[in-house]
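**Student:**
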Amino acid sequence: MSWGKIPLLLFLLLCSASWSMAATYTACREQICTMITVPDQVLPGEAFEVLVEGYLEDATAWDVTAYGFYQDAPWSYDDQGMFHTYSEPIDVKGFNWGGSVKKAYSLVLDPGEYTFTFIFGYRGWQHGYYDVAIDAPVKVAQQALEVPFDIKPQSCPNPLNAVKKGLVSAALTGSETFDVSQVDISSLRVAGVAPIHVAFEDVTAPYYPVSGKEGELDCSDAGPDGYLDLVFKFRAQELYAALEAMQGRSLKDREVLVVPLRGALEDDAAPQPIMGEDVVRILRKK
C-alpha cells in the first residue's frame, strides 16, 4: 500500500472560506486508489466540506464496488484485506455499479480534533474482494476569546508615522478575568507582524468595549491598574507595510485604521485562540 499527502492549493477556490488550506491524502493497493480532501483547520460553527474519491484502474460499467465514509472510527483490515469497524458510517453503499465514486460531505462540528475515514473496495470475481481505506485529520478551532489590546500604552490617539523608523510598543492588557501569563507568546501577531521583544509589566488598563472600535479616540491613555500586562514591541515599518498589504493600497494621511491582533493561549491539546484590536492614526508627513 502506498500513502501520500499532497497539498491541493487549487482547491481553495472551491472550498469554504473557513479553510486555511486544503490537503489531499491518498492510499493505493493493487488496482484501487482512495483519496480524501480535508481543510487543515475549520472555524467553529462554520460548514466545511470533506471530498472523497475512489477508483478502480481499467474499470468497466459492469464492475461492482463499495464505499463507506466514517468519523472517528477505529478500524482494521481482516486477513482478506477487507475493512472492518464497529462504528456506524456517515454514508455507506455496499453495491455500487461502476469502478469509481466521487462525493462531497458538508459538515458542522464543535471545536475539537476529528479523524475521517473513507474506504473504497472491489466486489467482483475478476479482481477479488478487498478494500483500501484512508484516514484524514480535521481540526475545528475553538471560538476566539476577545482580549483587550492597546497600541502605544498610555497614549490616545495612537499615531503611526509612515516614514519614522523605530519600534512600536503595544500591550495585551491583563485584568481580573484575563491572565496574560497564559498567552503563547510565539503565537502573537499584530496585523500579521511578530513582536521582537516581550516583557511582563503593569503599564495600562483595559479599554472597553474590547471590539467594535472605529474612531481614533476608541482607545485608552490610562496608566497602571494593578494587573500584569504583556508588553511587546515590533518594528514600525513592518506594521505600516502590513497595514498597506491588508488594505491593498497606499495609506492616506490622517486615516484611521483598526489594527488586529491574533494569538492563542497556551494549551497543548487545543490552544484557545485570542483576538483583539486597537486603532491607529496614519501620519504620512515628517
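Quick note: to get my numbering, add 7 to the position in the sequence shown (first position is 1). In this text, a Cβ means the ideal position worked out from N, Cα and C, and glycines have one as well. All values derive from a computational prediction rather than experimental measurement.
Of the choices 168, 67, 65 and 95, whose alpha-carbon is the least far from that of residue 261?
**Tutor:** Translated into the one-based positions of the sequence shown, residue 261 becomes position 254. Answer by Cα proximity: 168.
**Student:** Helix, strand or coil for residue 192? Go by DSSP, reduced to three states.
**Tutor:** Taking the sequence shown and counting its residues from 1, one reaches residue 192 at position 185. Reduced to three states, the DSSP call for residue 192 is helix.
**Student:** What residues match up with residue 174 in a beta bridge as DSSP calls it?
**Tutor:** For this step, residue 174 is matched to residue 167 along the sequence shown. Answer by DSSP bridge pairing, in chain order: 242.
**Student:** Mapping the DSSP letters down to three states, classify residue 154 as helix, strand or coil.
**Tutor:** Numbered from 1 along the sequence shown, position 147 holds the residue referred to as residue 154. Coil, per DSSP.
**Student:** For residue 201, which residues in the same chain have their Cβ closer than 6 Å to its Cβ, ignoring the five residues on either side in sequence?
**Tutor:** Indexing the sequence shown from 1 puts residue 201 at position 194. Cβ neighbours of residue 201 beyond the five flanking positions: none.
**Student:** Below 8 Å, can you find three or more Cβ-Cβ pairs linking the region 99-106 to the region 79-91?
**Tutor:** no
**Student:** Judging by CA-CA distance, which residue of 67, 45 and 117 is the nearest neighbour of residue 52?
**Tutor:** Position 45 of the sequence shown holds residue 52. Selected option, being the one with the closest Cα: 117.
**Student:** With DSSP as the reference, label residue 198 as helix, strand or coil.
**Tutor:** Counting from 1 along the sequence shown, the entry for residue 198 is found at position 191. Looking at residue 198 - three-state DSSP - the assignment turns out to be coil, as it is neither helix nor strand.
**Student:** Might you give, ordered along the chain, the residues of its own chain that have their beta carbon closer than 6 Å to the beta carbon of residue 204, omitting 5 neighbours on each side?
**Tutor:** Translated into positions along the sequence shown, residue 204 becomes position 197. Excluding sequence neighbours, residue 204 sits near 240.
**Student:** Let's test the definition: count the other Cβ atoms within 10 Å of the Cβ of residue 11 and tell me whether it reaches 16, buried, or not, exposed.
**Tutor:** By one-based count along the sequence shown, residue 11 stands at place 4. Its pLDDT being 37, under 50, residue 11 is placed unreliably by the model, and nothing is read from it.
**Student:** Are the beta-carbon atoms of residue 90 and residue 138 separated by less than 8 Å?
**Tutor:** As a working note, residue 90 is residue 83 in the sequence shown. As a working note, residue 138 is residue 131 in the sequence shown. The Cβ atoms of residue 90 and residue 138 sit closer than 8 Å to each other.
**Student:** Tell me the start and end of each unbroken beta strand (DSSP E) in the region 33-86 that is at least 3 residues and wholly inside, in chain order.
**Tutor:** 39-46, 55-63 and 71-78
**Student:** Name, in chain order, the residues that DSSP records as bridge partners for residue 213.
**Tutor:** By 1-based counting over the sequence shown, the position of residue 213 is 206. For residue 213, which the question treats as bridged, DSSP gives no partner whatsoever.
**Student:** If we count the other Cβ atoms within 10 Å of its Cβ and call it buried at 16 or more, is residue 154 buried or exposed?
**Tutor:** Along the sequence shown, one-based indexing puts residue 154 at 147. The residue in question, residue 154, is buried, as its Cβ has 16 or more Cβ neighbours within 10 Å.
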